[in-house]
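Q: Can you keep this structure in mind? I'll have questions shortly.
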Ligand SMILES: [Zn+2]
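Numbering (my numbering), first residue to last: 42 to 321.
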C-alpha cells in the first residue's frame with residue numbers, strides 16, 4: 042500500500058474498512074494513531090485515539106453509517122481516550138478491557154462490554170474476534186476480522202516504529218508468547234495501530250521475534266559475572282546504534298529483557314546493577 046499516512050486523511054482499505062490517522066505524530070506514534078472504521082450500515086470504530094476534538098469530529102464525518110461500537114485494543118493514552126467523548130456523542134458501546142493501574146493508562150476508559158480472549162462482536166456485516174495479547178500492555182487485545190483474515194494489532198505490532206515493553210505492565214516473555222500465538226491464526230494481513238498495512242503476517246512475526254531474541258542475546262553478552270553494570274551502562278552498550286535521545290525509552294525494553302533473563306536464571310539484579318549468571 043502506498044497511501045500516505047497523513048492526519049485527517051480517510052483511506053478505504055477494503056470494502057467496509059476505512060482508516061483515519063489521528064493528528065498525533067511523534068517518535069513513539071509514527072505518523073499518528075490509526076483509527077479504523079469497520080462496516081457501512083452500522084459502524085465500529087477501532088481505536089478512537091487520543092482525545093482531540095478535531096479527530097473526534099473527523100471520525101464522525103468519516104463514518105459511512107451510525108457509530109454503534111467502539112473497540113479499544115488497549116488503554117495507552119494514544120489509543121483510547123477519545124472513546125468517552127465519542128460514546129457520549131453517539132451512544133456507541135465501548136468494548137475492550139479496563140485499564141490496569143498507572144499514570145500511562147487512560148483511567149477514564151470504562152468498557153460497557155469487557156472482552157475476553159475469543160469473545161466476538163457479531164454484526165450483520167462483519168464478525169470481530171478478540172485475541173488477548175499481553176506484553177506491550179497487560180490488557181492488550183488484537184482484533185481479528187474473521188471475514189477478511191485481517192488482524193488489527195494495536196501496539197502489539199507496529200509498522201515503522203519499535204514497540205516499547207515497559208515493565209511492570211509491559212512483559213517481554215508475555216510479548217514473545219503473544220507473538221507466537223498469532224501464528225496459529227489464519228491471517229492475511231496486519232493492520233497496525235501505527236503505520237501502514239503489513240502484507241505478510243507470518244514473515245513479520247518471525248522477523249520481530251528474531252529481532253527481539255538478537256537484542257536479548259546482546260543484553261546477555263553485555264552482562265559480566267564479575268562486575269555489575271548499571272542499566273544506563275547497558276543501554277549505551279546494547280543500543281549503541283540508537284539516537285541517545287531514545288535511550289530513556291530503550292531502557293524500558295532493556296529492563297524487560299533483563300527481567301526475562303533473570304526469570305530464566307541467567308541474569309541477577311544486585312540492587313545497584315546487573316550481573317550475568319552461568320556460562321557466558
Ligand atoms: Zn501502547
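Just so you know, even glycine gets a beta-carbon here, dropped at the ideal spot from N, CA and C.
#1: At which residues does the alpha helix (DSSP H) containing residue 322 begin and terminate?
#2: Just verifying my parser: in three-state terms, what is the DSSP assignment at residue 206?
#3: At the level of alpha carbons, what is the spacing between residue 176 and residue 165?
#4: Residue 52 by DSSP, collapsed to three states: which one?
#5: Taking the alpha carbon of residue 302 as the point to measure from, which residue in 230, 238, 210, 262 has its own alpha carbon closest?
#6: Using the rule of at least 16 other Cβ atoms within 10 Å of the residue's Cβ for burial, across every protein chain shown, is residue 323 buried or exposed?
#7: Grab me the residues of residue 47's own chain with a C-beta within less than 8 Å of its C-beta, minus the 5 sequence neighbours each way, in chain order.
#8: On the criterion of 16 or more Cβ atoms from any shown chain inside 10 Å, does residue 116 qualify as buried, or is it exposed?
#9: So who's on the other strand from residue 233, going by DSSP bridges?
#10: Where in the segment 59 to 133 do unbroken runs of the alpha helix (DSSP H), each at least 4 residues long, occur, reported from the N-terminal end onward?
#11: Is residue 263 near ligand 1, in the sense that its beta carbon is under 8 Å from a heavy atom of that ligand?
#12: Between residue 27 and residue 137, is the Cβ-Cβ spacing less than 9 Å?
#13: Which whole-angstrom value is the C-beta distance of residue 120 and residue 88, which I expect to be below 8 Å?
#14: When the distance is taken between beta carbons, is residue 209 closer than 9 Å to residue 178?
A: If we stick to the structure as given:
#1: In the structure displayed, the chain extends from 42 to 321; residue 322 sits before or after that span and is not available.
#2: The answer is coil: DSSP assigns residue 206 none of H, G, I, E or B.
#3: Cα to Cα, residue 176 sits roughly 32 Å from residue 165.
#4: Reduced to three states, the DSSP call for residue 52 is strand.
#5: The shortest Cα separation from residue 302 among 230, 238, 210, 262 belongs to 262.
#6: The structure shown does not extend to residue 323, since the chain is modelled only from 42 to 321, so the question has no answer here.
#7: Here the set comprises 62, 72.
#8: With 16 or more neighbouring CB atoms inside 10 Å of its own CB, residue 116 falls in the buried class.
#9: Its beta-bridge partners are 195.
#10: Listed in chain order, the alpha helix (DSSP H) runs fully inside the segment 59 to 133 are 94 to 103, 123 to 131, counting runs of at least 4 residues.
#11: No; taking the cut-off as 8 Å, the Cβ of residue 263 has no heavy atom of ligand 1 nearer than that.
#12: The structure shown does not extend to residue 27, since the chain is modelled only from 42 to 321, so the question has no answer here.
#13: Here residue 120 really is in contact with residue 88; their C-beta atoms are around 5 Å apart, less than 8 Å.
#14: Contact flag unset, no.
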